[in-house]
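> For reference, the structure I am asking about is given below.
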Amino acid sequence: MSHKRFHQIGGALRFDDKLSRPRRHQDKLSAFRKVWDLWTHCLELLFNPDRDICIDEQLVPFRGRCKFKQYIPTKPAKYGLKIWTVCDVKTSYAWRVQLYTGKAGDRAEVNQGMSVVMELTEGLKELPPQLLRTRERAIFSSAFAFTLTHTVVSYVPRRGKNVLLLSTKHRTPDVSEEEKRKPVFIQDYNRCKGGVDNLDKVVGTYSCRRKTNRWPVALFHNLLDVSLYNSYVLWTAIGGGCMSKKWEKLWYQGRGA
Numbered sequence: 012m013s014h015k016r017f018h019q020i021g022g023a024l025r026f027d028d029k030l031s032r033p034r035r036h037q038d039k040l041s042a043f044r045k046v047w048d049l050w051t052h053c054l055e056l057l058f059n060p061d062r063d064i065c066i067d068e069q070l071v072p073f074r075g076r077c078k079f080k081q082y083i084p085t086k087p088a089k090y091g092l093k094i095w096t097v098c099d100v101k102t103s104y105a106w107r108v109q110l111y112t113g114k115a116g117d118r119a120e121v122n123q124g125m126s127v128v129m130e131l132t133e134g135l136k137e138l139p140p141q142l143l144r145t146r147e148r149a150i151f152s153s154a155f156a157f158t159l160t161h162t163v164v165s166y167v168p169r170r171g172k173n174v175l176l177l178s179t180k181h182r183t184p185d186v187s188e189e190e191k192r193k194p195v196f197i198q199d200y201n202r203c204k205g206g207v208d209n210l211d212k213v214v215g216t217y218s219c220r221r222k223t224n225r226w227p228v229a230l231f232h233n234l235l236d237v238s239l240y241n242s243y244v245l246w247t248a249i250g251g252g253c254m255s256k257k258w259e260k261l262w263y264q265g266r267g268a
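Taking the numbering used here, I'd label the letters of the sequence shown as residues 12 to 268.
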């Protein structure tokens with residue numbers, strides 16, 4: 012394929028029906044919604060995550076016009092489309108993703124990170140007020156709250172600072188014996204927090220991304236990058252119990268095993 016033909020195909024790439032574009036007033040992602048929903052649905056079907064998962068934000072580099080483009084100075088690209096990602100810590104497989112499309116209505120969002128974590132993990136609806144208070148609490152102290160499926164810890168590392176963690180793994184109020192008396196929650200978090208960062212590193216190094224002024228195309232390039240990495244994880248995870256049993260059976264049938 013010639014270079015000119017490649018750019019012609021790229022310029023004609025569309026993911027929605029032009030006649031249905033008025034619906035964009037209700038759905039900001041309508042130009043890419045159908046492809047996005049099909050892709051995110053498949054991510055969960057193909058993989059069984061290990062005991063530890065990590066939730067963090069990705070930033071798809073993009074500087075064109077987009078109503079929900081974000082500025083995150085701590086990211087290398089700084090400007091782009093923000094995606095909340097749930098990754099398996101052991102393999103960095105992208106298991107669930109949620110695109111941030113801006114605030115709903117005229118009100119600014121509050122505690123966005125906490126809300127996303129609770130939604131992606133199907134966790135609590137709200138936190139007990141006792142965990143949010145830091146006054147009159149001793150430094151290095153911890154407070155725990157339990158439900159049938161989730162545990163929340165509130166840790167005070169210094170005066171006026173409150174660290175909140177939600178876990179579906181820990182069921183006991185374990186605290187380390189070191190000087191700062193950190194909960195085991197935090198120690199496990201520090202060990203597992205690099206899951207999404209590892210995915211970003213691989214996707215950023217080996218990418219099919221091309222310069223574009225259309226945000227659906229930028230999302231499509233990221234979709235391909237993440238899918239390629241996930242495919243590699245599935246290929247190397249065969250026999251390790253990570254691949255979904257249904258798809259592992261189909262894979263072996265395809266190989267004639």
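For every residue, glycine included, the Cβ atom is placed at its ideal position computed from N, Cα and C.
No experiment lies behind these values; they were computed from the predicted model shown.
(1) For the segment 160 to 246, list the beta strand (DSSP E) runs that are entirely contained and at least 3 residues long, ordered along the chain.
(2) With DSSP as the reference, label K29 as helix, strand or coil.
(3) Relative to the C-alpha of V71, which residue among I20, G215, L239 is closest?
(4) Could you tell me the boundaries of the alpha helix (DSSP H) in which T112 lies?
(5) Below 6 Å CB to CB, which residues in the same chain sit around F155 once its five sequence neighbours on both sides are set aside?
(6) Under 6 Å Cβ to Cβ from V244, same chain only, skipping five residues before and after it: list those, please.
(7) Looking at the secondary structure, which residues open and close the beta strand (DSSP E) in which T10 lies?
(8) So, with DSSP's three-state summary, where would you put L70?
(9) Which residues in the same chain have their Cβ closer than 8 Å to the Cβ of I150, if we skip the five residues on either side of it in sequence?
(10) If I measure Cβ to Cβ from T223 and keep anything under 6 Å in the same chain, skipping five residues before and after, which residues do I get?
(11) Would DSSP call I83 helix, strand or coil?
(12) Based on DSSP bridge pairs, tell me the residues matched to S153.
(13) In three-state DSSP terms, what is F43?
(14) Going by the CB atoms, is the gap between L143 and N173 shorter than 8 Å?
(15) When the Cα atoms are used, what is the spatial distance from L234 to N201?
(16) Would you identify the three-state DSSP class for C53, choosing helix, strand or coil?
(17) May I have the straight-line CA-CA distance separating F231 from E147, to the nearest angstrom?
(18) Does the segment 37 to 49 come close enough to the segment 60 to 67 to have 3 or more Cβ pairs within less than 8 Å?
(19) Answer yes or no: do C98 and G22 have a C-beta to C-beta separation smaller than 8 Å?
(20) If you compare alpha carbons, which of W50, L57, K29, I66 is closest to L177?
(21) Alpha carbon to alpha carbon, how far is S238 from S218?
(22) Spatial neighbours of K86 within its chain, please: CB distance less than 7 Å, with the 5 preceding and 5 following residues excluded, ordered by chain position.
(23) Work out the CA separation of S153 and L54 for me, nearest whole Å.
(24) Would you check if the distance between the CB atom of L92 and the CB atom of W246 is smaller than 8 Å?
(25) Should V186 go down as buried or exposed, given a rule of 16 or more other Cβ atoms within 10 Å for buried?
(26) Report yes if the CB atom of C203 is closer than 8 Å to the CB atom of V108, and no otherwise.
The short version:
(1) 162 to 166, 174 to 178
(2) helix
(3) G215
(4) Premise fails: T112 is in no alpha helix (DSSP H) and is neither H nor E.
(5) V164, P184
(6) T102, Y104
(7) Because the chain is modelled from 12 through 268, residue 10 falls outside the range shown and cannot be assessed.
(8) strand
(9) V167, P168, R169, R170
(10) A229
(11) coil
(12) Y166
(13) coil
(14) yes
(15) 28 Å
(16) helix
(17) 50 Å
(18) no
(19) no
(20) I66
(21) 11 Å
(22) L70
(23) 36 Å
(24) no
(25) buried
(26) no
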